[in-house]
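Worksheet for the structure shown next.
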Amino acid sequence: MRREKGRFMSPPVLLVISLIGFVYYTTVFIFIDDWLGLGTGPGLLNALIFSWLAFMCLFSFFVTVLTDPGGVPPSFAPETEDPQKDGECLRYCDKCSSYKPPRAHHCRVCRRCVLKMDHHCVWIGNCVGYANYKPYIVCVLHAAMASIYSMVIFVTSILGKDHDFKGISNKIFYILCASVTIMLSLAFGSLLGWHIYLLTHNLTTIEYRAAVRAMWLAKKSGQKYHHQFDLGIYKNLIMILGPNILKWFCPAAAGHLKEGTQFPISKVDGQHPDS
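Numbering of the sequence shown is given in UniProt numbering, commencing with residue 1 and proceeding in unit increments.
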């Protein structure tokens, strides 16, 4: 637990928390207040909506940082009867001196194998893997929505009222706010689109890189590539977000997760990426 709490002391994580605080303060207490007034019904409504988005973003961020992505159980060993042993399960990690389950990869930063590893994210000081991929997705979703919402409020506030841009400090402040909101909207919007694609195809970032080569080889040989873990959009979603749709956007709802050492395989024949 001490190690997880120590992640909040890393400069990138502190920067993310500070950025969330800056965007929240300027959006609610400057632009919404200046545009509609927090004492009015529309102003209060917009403030409450944005506060909820910011809270969910921050809460999901904390869950992602504090949740262990999943390490290989010490007792794990590939079974000879395991249907996944055809090139995916029987993998040995020389650094950890142990077998790696399907979809697990060794992280050079964390110095261990991570279950269903997607990537190591410096902004959370943690790997994104089997156990914390859901809160990561929920965090990115609310960050994208909050960033776009903030940008719309900022633009509406600028266009809706006359502002004094004569002072140098005012110009710098508005340029800074515009740069931050546009940058965050583009960054999180693109990141959300990317992970929606991965989510609906049951791919990780690492698997996608291997799948690109597999797709090229399949096309070259006149075959059609199909990712072996792609079970269809709905099944892919419930595997990661859970079977209860009402809990899809709750980052802490992870009761559907199992050990993370085995995954169902699609019955559709296709080319499998090398691991």
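A virtual CB, placed ideally from N, CA and C, is assigned to each residue, including glycine.
Residue i, DSSP secondary structure in three states
i: V13; result: helix
i: G21; result: helix
i: G39; result: coil
i: N126; result: strand
i: G260; result: coil
i: D230; result: coil
i: A252; result: coil
i: N244; result: coil
i: S266; result: coil
i: K224; result: coil
i: F62; result: helix
i: F76; result: coil
According to DSSP, residues forming a beta bridge with residue i
i: K100; result: R91
i: P105; result: Checking the sequence shown, residue 105 turns out to be His, not Pro. Its beta-bridge partners are V114.
i: G71; result: V114
Extent of the continuous alpha helix (DSSP H) run through residue i
i: N170; result: 168-201
i: V212; result: 205-220
i: A146; result: 133-160
Span of the beta strand (DSSP E), counted from its first residue to its last, around residue i
i: C121; result: 119-121
Whole-number beta carbon distance between residue j and residue i, since they are thought to touch under 8 Å
i: V109; j: H120; result: 5 Å
i: A218; j: Y225; result: 4 Å
i: N236; j: L192; result: Between L192 and N236 the Cβ distance is about 16 Å, and since that is not below 8 Å, they are no contact.
i: F229; j: I265; result: 7 Å
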